[in-house]
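To start, the structure under review is shown below, and the notes come after it.
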Ligand SMILES: Nc1ncnc2c1ncn2[C@@H]1O[C@H](COP(=O)(O)OP(=O)(O)OP(=O)(O)O)[C@@H](O)[C@H]1O
Ligand SMILES: [Mg+2]
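Structure, rendered in structure tokens:
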């Protein structure tokens, strides 16, 4: 699905990603953990195509295509979805309105027909029910006046609407209460198939009780420095990152 | 001060115009003439014209009055409205409604008697105001509307003014009186067809009687290459509600002078404006809300989207006179610049001489939020559509103030045709 090789990226001349390697196959769930400032959100941003970042080295192959050559919108149309760590508010732009535009532009890109208003509304009902997002919130302006948890749920709602091939969830669990966490996890698990894949960036092992990862990676200082199974998450929760740092420095 | 000036740009300009054939009072005509002889076109040294140069208007060599074409206008906002069509300031009876409902009097000024014409010039002063003075002394024609007391008009009244030809100057004059407890909706549409170097100089006096409810939607959609100066003088009597929505969608140079004198108690005043500019357009909105009586509220919201090397100006004054207590006056001007060479000059002003008032004003000018555009693109929306969504969101709340469906529909069709914005 996605193959990241030796990825280096800088922002304002400062190197943040320093030779990152990661491969995710269809049907898999990968968790990325790592200390604050390690570069997790940077990785997500670079993959989504945020222009402030400059890729100085390395390749990213997404579903056989050179991802780094595509514009942000084309990456999304190819099936990449980023649930933002800090979803912004867009006053005046209605959630459903923009999602209809998005769906239709994605369909147009794929040479498919536009979605009818009726089918679209049915889809909104189905997907908002899935993430238990109040239908009223679904039609309000994007994230405007939403609580922190509602914003995160709205990200998952959008993911459900767009049905991406690869979803990257950047700390979607932070700020969620236990119920919301369960709902978000249910959304992710329901949408999971052998055709798609998920990368969850998190600081908390508890999310991984709900969304069971096939692999857990530790991102530290711009690189994936350790990979394991979900037991690694438990270990990190217990021991923190110092031992990882020590291991890295020992090399 | 009243010294008669030698040949200047203004005298050269008016030399090409034909004196009005309307029977205005001698007094009005005289003061207009004096005003014109003792002034010149305003320069940017004049505070009210600081950002707006009228040199290109002054440079027009007005063509002699020629026969109007009377051909149908392609611009109809509301086909069910009582419609009155003017071309280059001249009335076209063949395109205008012939049957007028009971209780209202509507006619072109050329059909008005001396008593009716004596209403003209009471609110719009000619002294020092050369465009208003010119509009009197060289008036072509215009519409006289009088709605009798207690009349509720279901039908809208539509004034359609169309510019055609080259170097034509239209001094277009309207008078609107909404009687006590009356209710009416008036559409003013300013258009052009195959016109260039034409100038519309419009003056409209509006009296909103006691308990009257009057709404005006004004659409300015004259092609690039033409010029427009509009002066509206409004008087609000007690308990009245007056709303004016000004939509400026095209034109090389557009200047609006909107002055609302709230002279009665318990009035509500709404003034909303949308101006959408591109290329090298220049649009200047000067508004004054003058609260002369207590217990009133005014709501002003003007929003602009400025692209390319266009320039917009907003100057909004709110006066709250001494003893005008319990006034709620809100004013807001917000602008989005879509290009680095777009310019906005915004100056909101509050002058408050009463103490028990609630007033606020604010002005913002900025760019579309890049973060928001990135967010939308990250969902698969093209940059162009993302910008459209943001622009539509930005002007959405002002457009939301327009209650008339026909006007909204028309506005949306222009947004699509002229700007490619579909929402
Ligand atoms: N414009 C910038 N200039 C310089 N450094 C920057 C800039 N933007 C971000 N950084 C740095 O990049 C590093 C990586 O940030 P990033 O947001 O990717 O971390 P993260 O792993 O997601 O952390 P967290 O767990 O706190 O979310 C941080 O040290 C941050 O300060
Ligand atoms: Mg982060």
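Protein chains in written order, with the working numbering: chain A, 36 to 286; chain B, 23 to 445.
All residues carry an ideal CB built from backbone N, CA and C; glycine is no exception.
Please read all numbers here as calculations on a predicted model, not as lab measurements.
{"Asked": "Within 10 angstroms of its Cβ, does residue 157 of chain A collect 16 or more other Cβ (buried), or is it exposed?", "Found": "exposed"}
{"Asked": "For residue 221 of chain A and residue 55 of chain A, what's the separation of their Cα atoms in angstroms?", "Found": "30 Å"}
{"Asked": "Just to make sure I have the definition right: I need the residues of chain B whose C-beta is within less than 7 Å of the C-beta of residue 107 of chain A. Which are they?", "Found": "396, 399, 400"}
{"Asked": "Looking only at its own chain, which residues have a Cβ that is under 7 Å from the Cβ of residue 103 of chain B, when we skip the five neighbours before and after it?", "Found": "177, 178, 179, 180, 209"}
{"Asked": "According to the neighbour-count rule (16 or more other Cβ atoms, all chains shown, within 10 Å of its Cβ), is residue 278 of chain A buried or exposed?", "Found": "exposed"}
{"Asked": "Under 6 Å Cβ to Cβ from residue 430 of chain B, same chain only, skipping five residues before and after it: list those, please.", "Found": "424"}
{"Asked": "Could you check whether residue 226 of chain B and residue 249 of chain B sit closer than 8 Å to each other, using their CB atoms as the reference points?", "Found": "no"}
{"Asked": "Mind listing the chain A neighbours of residue 449 of chain B? Cutoff is C-beta to C-beta under 7 Å, in chain order.", "Found": "Beyond the ends of chain B as shown, which are 23 and 445, falls residue 449 of chain B; an answer cannot be given."}
{"Asked": "Beta-carbon separation of residue 400 of chain B and residue 83 of chain A under 8 Å?", "Found": "yes"}
{"Asked": "Just list the beta strand (DSSP E) runs in the region 110 to 171 of chain A, keeping only unbroken ones of 3 residues or longer that don't cross its boundaries, in chain order.", "Found": "115 to 118, 125 to 129"}
{"Asked": "Measuring from the CB of residue 209 of chain A, is there a heavy atom of ligand 2 at a distance below 7 Å?", "Found": "no"}
{"Asked": "What residues in its chain sit with their C-beta under 6 Å from that of residue 200 of chain A, if we drop five residues either side in the sequence?", "Found": "114, 231"}
{"Asked": "Using the three-state DSSP reduction, which class does residue 251 of chain B fall into: helix, strand or coil?", "Found": "strand"}
{"Asked": "Quick one: which unbroken beta strand (DSSP E) runs of 3-plus residues sit fully inside the region 228 to 252 of chain A? Chain order, please.", "Found": "232 to 236"}
{"Asked": "So, are the CB atoms of residue 278 of chain B and residue 307 of chain B less than 8 Å apart?", "Found": "yes"}
{"Asked": "Between the region 160 to 179 of chain B and the region 192 to 209 of chain B, can you find at least three pairs of beta-carbon atoms closer than 8 Å?", "Found": "yes"}
{"Asked": "Ligand 2 heavy atoms versus the CB of residue 368 of chain B: any closer than 7 Å?", "Found": "no"}
{"Asked": "Using 7 Å as the cut-off, classify the Cβ of residue 179 of chain A as near or not near the heavy atoms of ligand 3, replying yes or no.", "Found": "What this structure holds is ligand 1 and ligand 2, not ligand 3."}
{"Asked": "Examine ligand 1 and report whether any of its heavy atoms sits within less than 7 Å of the Cβ of residue 84 of chain A.", "Found": "no"}
{"Asked": "Kindly provide the ranges of any beta strand (DSSP E) runs that are 3 or more residues long and lie completely inside the region 164 to 211 of chain A, ordered along the chain.", "Found": "201 to 205"}
{"Asked": "Determine the burial state of residue 23 of chain B: buried for a count of at least 16 other Cβ atoms within 10 Å of its Cβ, exposed for fewer.", "Found": "Unreliable placement is indicated for residue 23 of chain B, whose pLDDT of 48 sits below 50; the coordinate value is still reported in the next sentence. Result: exposed."}
{"Asked": "Looking at C-beta atoms only, is the number of pairs between the region 148 to 156 of chain A and the region 92 to 104 of chain A that lie closer than 8 Å three or more?", "Found": "no"}
{"Asked": "With 9 Å as the C-beta to C-beta threshold (strictly closer), list the residues of the region 115 to 136 of chain A near chain B in chain order.", "Found": "115, 116, 117, 119, 122, 123, 124, 125, 126, 127, 128, 129, 132, 133, 134, 136"}
{"Asked": "Quick check: the Cα distance between residue 470 of chain B and residue 320 of chain B, rounded to an integer number of angstroms?", "Found": "The displayed coordinates of chain B run from 23 to 445. Any statement about residue 470 of chain B would go beyond what the structure contains."}
{"Asked": "Taking 7 Å as the cut-off, is the beta-carbon of residue 272 of chain A closer than that to any non-hydrogen atom of ligand 1?", "Found": "no"}
{"Asked": "Could you work out which residue in B:88, B:56, B:60, B:69 is closest to residue 38 of chain B when comparing CA atoms only?", "Found": "B:88"}
{"Asked": "Which whole-angstrom value is the C-beta distance of residue 109 of chain B and residue 92 of chain B, which I expect to be below 8 Å?", "Found": "7 Å"}
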